[in-house]
Structures are given as C-alpha cells and as structure tokens.
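Participant:
Residue numbers (this note's numbering): 825 to 1060.
(1) Taking 8 Å as the cut-off, decide whether the C-beta atoms of residue 908 and residue 952 are in contact.
(2) Tell me which residue opens and which closes the beta strand (DSSP E) that residue 1009 is part of.
(3) Could you check the C-alpha separation between residue 892 and residue 921 for me, to the nearest Å?
(4) Below 8 Å, can you find three or more Cβ-Cβ pairs linking the region 956-970 to the region 843-860?
(5) Using the three-state DSSP reduction, which class does residue 883 fall into: helix, strand or coil?
(6) Taking just the CA atoms, how far does residue 949 sit from residue 934?
(7) Around the C-beta of residue 834, are 16 or more other C-beta atoms found within 10 angstroms, so that it is buried, or is it exposed?
(8) If the criterion is Cβ atoms closer than 8 Å, does the pair residue 826 and residue 867 meet it?
(9) Which value, in whole angstroms, describes the spacing of the CA atoms of residue 1034 and residue 830?
(10) Distance check for residue 828 and residue 1014, CA to CA, integer angstroms please.
(11) Could you name each continuous alpha helix (DSSP H) segment of 4 residues or more that falls completely within the region 899-975, going from the start of the chain to the end?
(12) Tell me where the alpha helix (DSSP H) around residue 836 begins and ends.
(13) Could you compute how far the alpha carbon of residue 862 sits from the alpha carbon of residue 870?
(14) Looking at residue 1012: is its Cβ nearer than 8 Å to the Cβ of residue 843?
(15) Below 7 Å, is the gap between the Cβ of residue 952 and the nearest heavy atom of the ligand NAD?
(16) Are residue 860 and residue 964 close, meaning C-beta to C-beta below 8 Å?
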C-alpha cells in the first residue's frame, strides 16, 4: 500500500489522476464530459474568491461596469452551477480582465485561491463555447476537495500498487492515522507555489507550518518505516 498525503490543495488527487492517465485506463470521452460541471464550478469559485479578496484588500475595479458584474457573480451559488451561460461568461471575462482584479491576483498569497484560477480564467473563450469538452489538462487542474479515504489500484504488470488518497483539510487530517496499517510507502506532497499561502480553514496559518506539524507528528508514529533497515542500528 502507498499512502498519498499532504495539506489541502497540495496536489494529491492530481498526482492520482496522472497515475490513472499514465498507468491506468485514462479518461474516456464520457469521463471527460463528467468533469464539465466541476470546471464551471471551479471558475465561479475562483472569480468569487478574487472579488471577495478585492473587498478585503480594498482594491477597486477600474471599469465601473465590473462592479455590477461582480455583484451578479457573487450571487451565484457555485454548487448549483451545471452550465456556463453566455451572460455569466461575459461577466467573468470582463471582471478577470479588469486591472484591479489583476492587481488583486498579484497578491494571491494573502488569501485562498486555487493555483488553477489563472489557467481557467485565461481560457474562458474555449471553456464557455457550446461544444466544450474538458481536456486532460482541464481534468488535472480541476479542484475537488477529497473527503474521507479513497483507494485506487494500479496494475503495473510487475505488481499491483494500491494508492490511498486522504483529505488534506484540517477536518480530514485526523483520519490519516487509520491509513498507516500495512502501508509500505508514504508520498507526502507539498505545493511549492503555496508554501507561504494562508490556509482555507485558518488565514493565520500558512501551508509550510502545517507541513512541519504533520511531519513531526507522523515521524513519532511507531511503524516499520521508522525502524532501522534490516534490524540493525542506524537511521532509515
């Protein structure tokens, strides 16, 4: 068993997706179509996060019409989004292109924002088209918080690897301890682009602090991984 852990948005699920593409069956057209709604929702989450951050950081829109667009976008409940309607696509593109929004984006470490925000928002023309079908890159970039513990088997001919993906948010971390039985390897992922970004659940803490706390905790857990190799004295 291989356990894949890390803080929220560190790339655990993305790594699993890449394994599925390289060593698994990949994504069929039907599978890709199933991600359409999630891509749209990610876009709304990103642009709404920027709009809220502009209020907090007191950054005004340069174009007055974007103030109205921002209000319209903010009233959308992203979890109910299934399509990208033309008037919303126009509003999102206009708000994103505003110089004030770009100023806010440059300060993204000061608030919680997906690292895929720019990727999606820069490509709104393609994504908002009537014939849009998520690409493999779109799927890799989509953010869906992992809850609970999910197991993925991969047949690599010489062996079957079972990778366990665990949630990275604070409410999910307490479940990690239940995953260590029969584990032979641990992959702890860290997003280098977010080492100084504040946490979603606590804006007073950064990703790097949680990384230190989790590593110190894990290293204290008695397991074969912390015992000297071959039973001899020394470090792993």
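Glycine included, C-beta positions come from ideal geometry on N, C-alpha and C. None of the values given here were measured: they were computed from a predicted structure.
Facilitator: Walking through what the data contain:
(1) Taking the first residue of the chain shown as 1, we reach residue 908 at position 84. Taking the first residue of the chain shown as 1, we reach residue 952 at position 128. A contact, by the Cβ cut-off of 8 Å.
(2) In the chain shown, the residue the question calls residue 1009 occupies position 185. Run containing residue 1009: 1009-1013, per the beta strand (DSSP E) assignment.
(3) The sequence position of residue 892 within the chain shown is 68, counting from 1. The sequence position of residue 921 within the chain shown is 97, counting from 1. Distance between the alpha carbons of residue 892 and residue 921: 15 Å.
(4) yes
(5) As a position in the chain shown, residue 883 is number 59, starting the count at 1. Coil, per DSSP.
(6) Residue numbering aside, residue 934 sits at position 110 when the chain shown is read from its first letter. Residue numbering aside, residue 949 sits at position 125 when the chain shown is read from its first letter. It is roughly 28 Å from the alpha-carbon of residue 934 to the alpha-carbon of residue 949.
(7) As a working note, residue 834 is residue 10 in the chain shown. Buried: at least 16 other Cβ atoms inside 10 Å.
(8) Stepping through the chain shown from its first residue, residue 826 is reached at position 2. Stepping through the chain shown from its first residue, residue 867 is reached at position 43. Contact check for residue 826 against residue 867 fails: the beta carbons are separated by 8 Å or more.
(9) Numbered from 1 along the chain shown, position 210 holds the residue referred to as residue 1034. Numbered from 1 along the chain shown, position 6 holds the residue referred to as residue 830. Note on residue 1034: pLDDT 49, under 50, position unreliable in the model; no value is reported.
(10) Taking the chain shown and counting its residues from 1, one reaches residue 1014 at position 190. Taking the chain shown and counting its residues from 1, one reaches residue 828 at position 4. So the alpha carbons of these two residues sit roughly 11 Å apart.
(11) Here the runs fully enclosed are 910-921, 923-929, 941-945, 948-951 and 960-965.
(12) As a working mapping, residue 836 is identified with position 12 in the chain shown. Its alpha helix (DSSP H) spans residues 836-847.
(13) For the purposes of this step, residue 862 is taken as the residue at position 38 of the chain shown. For the purposes of this step, residue 870 is taken as the residue at position 46 of the chain shown. Using only the alpha carbons, I get a separation of about 12 Å.
(14) Within the chain shown, numbered from 1, the residue matching residue 1012 stands at position 188. Within the chain shown, numbered from 1, the residue matching residue 843 stands at position 19. In this structure, residue 843 does not lie closer than 8 Å to residue 1012 by Cβ.
(15) As presented, the structure is devoid of all ligands, the ligand NAD included, so that no description of it is given.
(16) Counting from 1 along the chain shown, the entry for residue 860 is found at position 36. Counting from 1 along the chain shown, the entry for residue 964 is found at position 140. With contacts defined as CB atoms closer than 8 Å, residue 860 and residue 964 fail to qualify as a contacting pair.
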